[in-house]
Amino acid sequence: MSATSECRICDGTVTEFIDLGRQPLSDAFVVPGDGKKEFFFRLATGICDSCTMVQLMEEVPRDLMFHEAYPYLSSGSAVMRTHFHELAKRFLTTELTGEDPFIVELGCNDGIMLKAVADAGVRQLGVEPSGSVADLAAAKGIRVRKDFFEEATAVDIRENDGPADVIYAANTLCHIPYMDSILKGVTKLLGPNGVFVFEDPYLGDIVERTSFDQIYDEHFFFFTARSVQEMARRNGLELVDVERIPVHGGEVRYTLALAGARKPTEAVAELLAWEAERKLAEFATLEQFAANVKQIKEDLIALLTKLRAEGKRVVGYGATAKSATVTNFCGITPDLVEFISDTTPAKQGRLSPGQHIPVREYQEFAGDHPDYALLFAWNHADEIMNAEQAFRDAGGQWIRYVPNVHVS
Ligand code: SAM
Ligand code: TMP
Ligand code: ZN
């Protein structure tokens with residue numbers, strides 16, 4: 001019998017299809033020698049037999065993940081800087097053209113998107129609970145509220161600032177298990193013709209690419225057009241547009257409006273049909289995904305073990321939250337991967353969660369190229385592999401594990 005839990009969207013029954021074992025917090029990098037006990041939880045995912053929402057079986061308390069020392073910086077990728085700049089420009093010429101328009105961003109992080117809005121003189125507010133990244137946004141001249149967005153926050157913003165034309169969240173909504181409170185807040189804060197736009201990793205891409213490392217503590221929900229449509233409907237909202245976007249390994253940008261306010265685009269029906277054809281909401285599809293994940297684990301460990309026996313040096317590239325799932329699920333220890341190179345200051349000099357692989361600054365990689373680089377930041381593959389021509393010229397090879405283990 002598979003384990004079950006209660007759906008955070010509809011109170012239906014969630015049936016487990018994959019167990020990735022005991023896992024640490026994916027962004028809790030360890031200070032060497034500080035002796036603090038790490039927090040572990042069971043990382044497993046299931047699907048609701050009623051509304052089809054895929055979700056974690058166990059929730060991690062939000063204050064353990066999002067706090068003063070949250071290390072992730074959105075501006076660490078040039079491709080993402082362009083992505084958010086383009087979207088800000090699009091909002092400025094479409095949704096934010098009325099009289100004194102107002103945009104609220106949930107999880108604005110270091111201000112990567114709102115900077116362009118602030119520069120254009122449009123009223124904005126970032127809601128960001130993680131103190132140090134919120135400070136970086138504020139330093140860019142963005143109005144930031146250091147807080148978790150939820151119903152009470154939304155009501156307070158509405159009272160102080162009036163209705164929002166756009167509420168936006170990138171790689172944030174899927175992080176929030178208390179969806180009921182969020183959507184109640186959204187309906188109270190949105191103006192009558194406002195839109196709630198969010199983009200998150202897409203279950204369709206995760207299943208197609210076997211990108212199991214999208215599953216970690218912070219990613220609570222794995223959305224599809226179908227499950228988002230159902231979640232919207234239950235809260236007086238309507239899914240009116242979807243757009244597949246190529247960032248972070250395949251995402252969908254969903255647009256919700258108050259029910260009846262806007263006509264859904266053709267793209268919604270098309271994506272729903274695509275999901276039905278792929279049998280995305282069927283348990284057998286997800287069981288096959290779990291079997292593919294096991295194969296990746298076996299192949300990756302076999303490759304790393306072989307390379308170690310041959311005396312080759314393997315270094316990880318990008319101490320991503322995703323890499324916590326890969327290293328802890330597969331059992332990748334520092335004797336298989338010497339260190340992980342990462343450009344984020346708050347990760348450097350620390351050890352990866354759980355497996356304690358040292359995280360070192362980029363110069364250590366560039367100054368002494370290893371034989372192989374294990375690309376944990378595979379979602380930034382084009383950007384990284386283009387920049388690393390010197391590694392390749394020196395005979396270096398990339399190891400990737402999505403959609404399967406391969407060397408190139
Ligand atoms: N939007 C940025 C991006 O796409 O790069 C940042 C994404 S980061 C992975 C997720 C962010 O959501 C974190 O900065 C975290 O502090 C924030 N967050 C988590 N829960 C939140 C909530 N309830 N309200 C607003 N932000 C939240
Ligand atoms: P992400 O996949 O969650 O965006 O995380 C990417 C991680 O990889 C982040 O810690 C920054 C790091 N990184 C590098 O070290 N070099 C790079 O060129 C890029 C794009 C990211
Ligand atoms: Zn449900």
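Residue numbers (UniProt numbering): 1 to 408. Backbone N, C-alpha and C define an ideal beta-carbon position, used for all residues, glycine too.
| field | Burial state of residue 171, where buried means 16 or more other Cβ atoms lie within 10 Å | value | buried
| said: Buried or exposed, going by whether 16 or more other CB atoms sit within 10 Å of the CB of residue 31? | reply: Exposed.
| task | Could you check the C-alpha separation between residue 74 and residue 288 for me, to the nearest Å? | result | 33 Å
| According to DSSP, which residues form a beta bridge with residue 239? | Per the DSSP secondary-structure output, residue 239 pairs in a beta bridge with 256.
| task | Look at the alpha carbon of residue 361 and the alpha carbon of residue 348, and state the distance between them as a whole number of angstroms. | result | 6 Å
| request: Would you verify that the beta carbon of residue 405 is, or is not, closer than 8 Å to some beta carbon of chain C? | output: Absence of chain C from the displayed structure is noted, only one protein chain being present.
| Bounding residues of the alpha helix (DSSP H) (the contiguous stretch that carries residue 193) | Counted as a single uninterrupted DSSP element, the stretch harbouring residue 193 is not any alpha helix (DSSP H) but the beta strand (DSSP E) occupying residues 190-201.
| said: If I measure Cβ to Cβ from residue 147 and keep anything under 7 Å in the same chain, skipping five residues before and after, which residues do I get? | reply: 127, 129, 153
| request: Starting from the Cα of residue 82, find the closest Cα among 278, 66, 246, 105 and give me that residue. | output: 246
| field | Which residues DSSP lists as bridging residue 360, in chain order | value | 341
| Proximity test, residue 77 beta-carbon vs ligand 3 heavy atom, cut-off 7 Å | Checking the Cβ of residue 77 against ligand 3 gives no.
| What are the complete alpha helix (DSSP H) segments, minimum 4 residues, inside the region 244-311? | 266-277, 283-309
| message | ligand 3 and residue 182: does the residue's C-beta get closer than 7 Å to at least one heavy atom of that ligand? | response | Answer for residue 182: no, Cβ out of range of ligand 3.
| field | residue 147, DSSP secondary structure in three states | value | coil
| Does the beta carbon of residue 107 fall short of 7 Å from some heavy atom of ligand 1? | yes
| Contact test: residue 208 Cβ vs ligand 1 heavy atom, cutoff 7 Å | no
| Relative to ligand 2, is the shortest distance from any of its heavy atoms to the C-beta of residue 202 smaller than 7 Å? | no
| message | Between residue 80 and ligand 4, is there a pair consisting of the residue's CB and a ligand heavy atom that are separated by less than 7 Å? | response | For the structure depicted, ligand 4 is absent and the ligand set comprises only ligand 1, ligand 2 and ligand 3.
| task | Find out if the Cβ-Cβ distance for the pair residue 157, residue 111 is shorter than 8 Å. | result | no
| query | Rounded to a whole number of angstroms, what is the C-alpha to C-alpha distance between residue 377 and residue 189? | reply | Between residue 377 and residue 189, the C-alpha separation is close to 36 Å.
| request: Please state if the CB of residue 355 and the CB of residue 325 are separated by a distance shorter than 8 Å. | output: no
| Nearest to residue 177 by alpha carbon, out of 120, 404, 65, 88? | Selection 120, 404, 65, 88 evaluated against residue 177 yields 65 as nearest (Cα-Cα).
| request: Please list, in chain order, all residues of the same chain as residue 301 whose beta carbon is under 7 Å from its beta carbon, the five residues on each side excluded. | output: 330, 331
| said: Are there any heavy atoms of ligand 3 lying less than 7 Å away from the beta-carbon of residue 12, as far as the coordinates show? | reply: Checking every heavy atom of ligand 3 against the Cβ of residue 12, one is found closer than 7 Å.
| Are residue 10 and residue 50 closer than 8 Å when you measure CB to CB? | yes
| task | Provide the residue span of the beta strand (DSSP E) that contains residue 55, from first to last. | result | 54-56
| message | Within a Cβ cutoff of 8 Å, which residues of the same chain sit near residue 268, ignoring the five residues on either side of it in sequence? | response | 225, 229, 239, 240, 241, 242
| request: To the nearest angstrom, report how far apart residue 210 and residue 87 are at their CA atoms. | output: 28 Å
| query | Thinking C-beta only, is residue 298 closer than 8 Å to residue 315? | reply | No, these two residues do not count as a Cβ contact at 8 Å.
| Straight-line Cα distance separating residue 183 from residue 24 | 29 Å
| Backbone secondary structure at residue 83 - three-state DSSP | Three-state result, residue 83: helix.
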